[in-house]
Structures are given as C-alpha cells and as structure tokens.
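These notes concern the structure reproduced below.
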Amino acid sequence: MRRFAATVAVLALLTACGPERAGPAPPPAPANPADSFESSTTYESVARPTRIRIPALRVDSQIIDLGLQPDGAVEVPASVSVAGWYDGGPRPGQDGPAVILGHVDSADGPGVFVDLHKVKPGTLVEVGRADGSTATFKVSKVSRVAKTLFPTDLVYAPSLDPTLRLVTCGGTFDRARGSYRDNVIAYADAA
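Residues -22 to -1, 1 to 169 in mature numbering (1 follows the signal peptide of the UniProt record, and there is no 0) are what the sequence shown spells out, letter by letter.
As structure tokens, this is what we get:
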C-alpha cells in the first residue's frame, strides 16, 4: 500500500512539473456571476460629509464617521452634540441612501437631533462636505417606529438617486433599559 501511494505521489509530481501547455491559461471563472459585472457608467467622486445643517430645527453640527459595532449594528456618536455618518454606505450626494445618525438627548441635556420628530416634509437639510461643496436634500417623510421593528430594508434600500436618512431615538423612554423604545427616521431626497 505504501509503495502504491508513493508511486501515485511521484506521478502527480512529475505531471505537475511537466512541460507547459501551449497558450496562456484561461482566466479564472468568477465565484459568483455578479462578480464579473463591469458598469459602463462612472460615478462622480463625492467628498466625505463634515457638517449637517437643518435651519428649520436650528441644527448645525459637525459630522463624524461611524462604522459597525461587533454585533453588526451601526455605531452611534459618542457625543450627543455631534451627528455621525455611516461610512459603510454612500456619501451624501452619491446615488443611494446616505445615513446620518444623532442622539435625541442624554442625562446631560438635548442632543443634536432632539427636534427631529418635529421636522416636516419639505424641510431642507444641508450637508457640508470636505471639499467645501454642499449637498441639499428635502425631507419627504418622517416616521416613528419601534426599535424592534426598525425598517432596515427601507432605510438602507438601494436607490438610483442620492437620498438621505436621518435617524435618532424617540417615543417613550424605557428607564429599565436605559433607552428610548422607538426610532425617528426622516427620509429625504436630493433637492
């Protein structure tokens, strides 16, 4: 049995070291057919967001970058006085839903999005960018949903146009859990 295994190993080695085939090797097949897609459209590069202004709510805040927590949830800003942009998604002004989060309040006082629940359709939101440009959006709707029913598919749904989602806490404060039970979400489209 050992002699047979050794013979097979030697033959395999000799075959691998044999002369090359004529012509170049074929390209590797993509693991997934979608991996082979190449768009004929190029998208404009958009600078990262640095500031959010909602004049109707007297919001004027720095924007920080946010990633994901170990459990896969989007991080939230450490400070209640600043907003944060989820940097795993589109930048404001790029096609797709840019998501900006902010606190409603803390034990120390109001947060950057304390009045987000008061925003009305038609309200303008301005997002300043690192290159000095501004992306302007118009709120189309505002909703309040239980955190347990967060509409991930609606908030992060692909879009062929630039859209913006503003997210904060709202509803009743659950003292036992130390958090609000709901989220307030403002949906906005490029103005």
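By construction, the Cβ of each residue, glycine as well, lies at the ideal position given by its N, Cα and C atoms.
For residue 138, DSSP assigns no beta-bridge partner whatsoever.
Bounds of the alpha helix (DSSP H) holding residue 130 are 130 to 133. Under the three-state reduction of DSSP output, residue 70 falls in the strand class. Here residue 72 really is in contact with residue 24; their C-beta atoms are around 5 Å apart, less than 8 Å.
Distance from the CA atom of residue 139 to the CA atom of residue 66, rounded to whole angstroms, is 17 Å. With the rule of 3 Cβ pairs closer than 8 Å, the stretch 36 to 49 counts as touching the stretch 79 to 94.
Around the Cβ of residue 79, a 10 Å sphere holds 16 or more other Cβ atoms; the residue is buried. As far as DSSP is concerned, residue 100 takes part in no beta bridge. If you draw a 10 Å sphere on the C-beta of residue 61, you find 16 or more other C-beta atoms in it, and that means buried. Here residue 123 has 129, 160, 161 and 163 as same chain residues with Cβ atoms under 8 Å from its own Cβ, once five neighbours each way along the sequence are excluded. Between residue 147 and the set 131, 121, 26 and 101, the nearest pair of CA atoms involves 121.
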